[in-house]
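Only one structure is covered here, and it is reproduced in the block below.
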Amino acid sequence: MPSIKKTQFIRDLKEKDTVSSPFLVKFSSIAMGKNGKPYMNLVLMDKSGECEARIWDDAPVYAGQAVRDAFIQVEGRCQLYQGRRQIVVSKISVVREDEVDPKDYIAEGTLDADALYAQLLGYVESMQDPYCKALAEAVLRDDADIVDRMKRAPAAKSVHHAYKSGMLEHVVSIVGTLDHLARHYGKYLDRDLLFLGGFFHDIGKLWELSYDRVTDYTMEGKLIGHLVIGVELVTRKIRELESQPGRIPGDKFPEEKMLLVKHLILAHHGKLEYGSPKEPHCLEALVVHYIDDLDSKINSIRVFTEQDQTPGRWTALNRMHERFFYKPDWAMPENPA
Ligand SMILES: [Fe+2]
Ligand SMILES: [Fe+2]
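Oh and the sequence shown: position 72 is 71 in numbering that gives the first Met the number 0, straight run, nothing missing.
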C-alpha cells in the first residue's frame, strides 16, 4: 500500500499556487546561471501532464537526488514564465517507489485502450486480400506480446501522442483516415496495403522505446531505430506464416507484396533527411507518409493548445512549429476571467 497519497496534480496547478506534492522526474540537468551559479532544470510529471521546474539554490546538493526516473517530494511555488507554468522549487526530498502508487505518475490517453484495440481488430477483419489479412492477424491478433505492448506504448518520447496507449490512438486514427481515402480514390489506392502501412509504419517503436515509467529510447532504438525494427518484424512474421501449412494460400507470401509492405514502412518519414532510406515510390507510401505526418501534427498542436495557460485567444510561442496558435472555444478555460 502506498503511504504517500497524491492529491495535487500538474493539470490543476495555477500561477501562484503553493506546490507540495510528489512527482516523477522526467528530465534533469544542471545549467550555469548568468551570475555564475549552477541551477537545476527539471521536467516533472504525473499522470495529468508535465511541468518545468527550476532549483535555483543548492543545485549541486540536489543533483544526485532529482535524477531521471526518481520520485521526489517537491515543495515550491508555481509561476508563469513566457506563458508556461514553471515550478520554482524551494526544497526536494527523495521518495521511495513503494511509497507511491505508480498509476498516479504515468500519463494516460483519454480513450479506452480495450475499446480502441477492438476497433483496430475490426479494421483487420474488414481486409480482403488473404495475404495482407493473414499478416495483420499474425501481428496484431495472434501475438500476445505485441497486443500487450500496443495497448501500453506511447507513440513518441515527447512530440505527439506521448502518453499511455498513444501509439494505439495514433494507429487507429490513421487507419480510420486511410479507410476514408481508400473509398474516396477508389481503384487508385490499394486499401489493404494502405492498412498495413497504417498498422506497421511505427510498430518498431514498441521496441524502440521503453515505456514502463518515463519514456526513453532503448539500446535497440538508439542503434537500429523503428523503421528497420518494423521491417525485421514483417520479414519474421511472413516467414512464420509460410512455415505454418494452410495459413496463407500456397504457403508462400507473394514477393512483390512483401516488398511493398516493407517499402511503406521504410518510406513513411517521407524524406532521406527525416530518416527514411527511401522516399515514397508508390501512391500508398505517399498517402501513409502524409497521413502519419498530419495525424502527429494534429495531436501535438491539439495537446499544446489545450495545455497552454496564456490568458486570451493566443497561445505562447510553439517552438516546434515556430508560431502562435489561435485558441478556439474547446481550448479555453470553462469560465474565462
Ligand atoms: Fe515513424
Ligand atoms: Fe507515426
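Note that beta-carbon positions come from the ideal geometry of N, C-alpha and C, so glycine has one too.
Would you kindly work out how many angstroms separate the C-alpha atoms of E14 and A58, rounded to a whole number?
-> For this step, residue 14 is matched to residue 15 along the sequence shown. For this step, residue 58 is matched to residue 59 along the sequence shown. Whole-angstrom Cα-Cα distance: 23 Å.
Using only the heavy atoms of ligand 2, determine whether one of them is closer than 7 Å to the beta carbon of A152.
-> Within the sequence shown, the letter at position 153 stands for residue 152. Not so, every heavy atom of ligand 2 lies at least 7 Å from the Cβ.
Assigned exposure category for A135 - 16 Cβ within 10 Å defines buried | As a position in the sequence shown, residue 135 is number 136, starting the count at 1. Per the 10 Å Cβ criterion, buried.
Looking only at its own chain, which residues have a Cβ that is under 7 Å from the Cβ of L188, when we skip the five neighbours before and after it?
-> Residue numbering aside, residue 188 sits at position 189 when the sequence shown is read from its first letter. Only L180, A181, L282, E283 and V286 meet the Cβ criterion.
If we call anything under 8 Å between Cβ atoms a contact, is K102 one with K46?
-> As a first step, residue 102 must be located in the sequence shown, where it is residue number 103. As a first step, residue 46 must be located in the sequence shown, where it is residue number 47. It is a contact, given that the beta carbons lie within the stated cut-off.
Closer than 7 Å: D291 CB and nearest ligand 2 heavy atom = Counting from 1 along the sequence shown, the entry for residue 291 is found at position 292. The answer is yes for D291.
Please name the residue, chosen from D294, D292, F323 and R318, that lies closest to G337 on a Cα-to-Cα basis.
-> Any question about residue 337 goes unanswered here, given that the chain covers just 0 to 336.
Y273 - containing beta strand (DSSP E), residue span = As a position in the sequence shown, residue 273 is number 274, starting the count at 1. From DSSP, Y273 is part of no beta strand (DSSP E); its letter is neither H nor E.
Selection from A52, I237, A62 and S92 that minimises the alpha carbon distance to R76 = Here residue 76 is taken as the residue at index 77 of the sequence shown, counted from 1. The option with the nearest alpha carbon to R76 is A52.
When DSSP labels each residue in this structure, what does C131 get in the three-state scheme?
-> Residue mapping note: residue 131 aligns to position 132 of the sequence shown, counting from 1. Helix, per DSSP.
Kindly indicate which residue of L41, Q64, V94 and S27 has the alpha-carbon position closest to the one of K4.
-> One-based indexing of the sequence shown puts residue 4 at position 5. Closest by alpha carbon: V94.
Kindly list the residues whose CB is nearer than 7 Å to the CB of P335, restricted to its own chain and excluding five residues on each side of it in sequence; keep chain order.
-> Reading the sequence shown from its first residue, position 336 is the one you call residue 335. Residue confidence is low: P335 scores 47 on pLDDT, short of 50, so the model does not pin down where it sits. Its coordinate-derived value is still stated next. Once the five neighbours on either side are set aside, P335 has no close Cβ partner at all.
Between the CA atoms of L43 and T6 - distance to the nearest angstrom | As a first step, residue 6 must be located in the sequence shown, where it is residue number 7. As a first step, residue 43 must be located in the sequence shown, where it is residue number 44. One C-alpha to the other measures close to 15 Å.
Any heavy atom of ligand 4 within a distance shorter than 7 Å of the CB on S295?
-> Questions concerning ligand 4 fall outside what the structure shown contains, since the ligands it does hold are ligand 1 and ligand 2.
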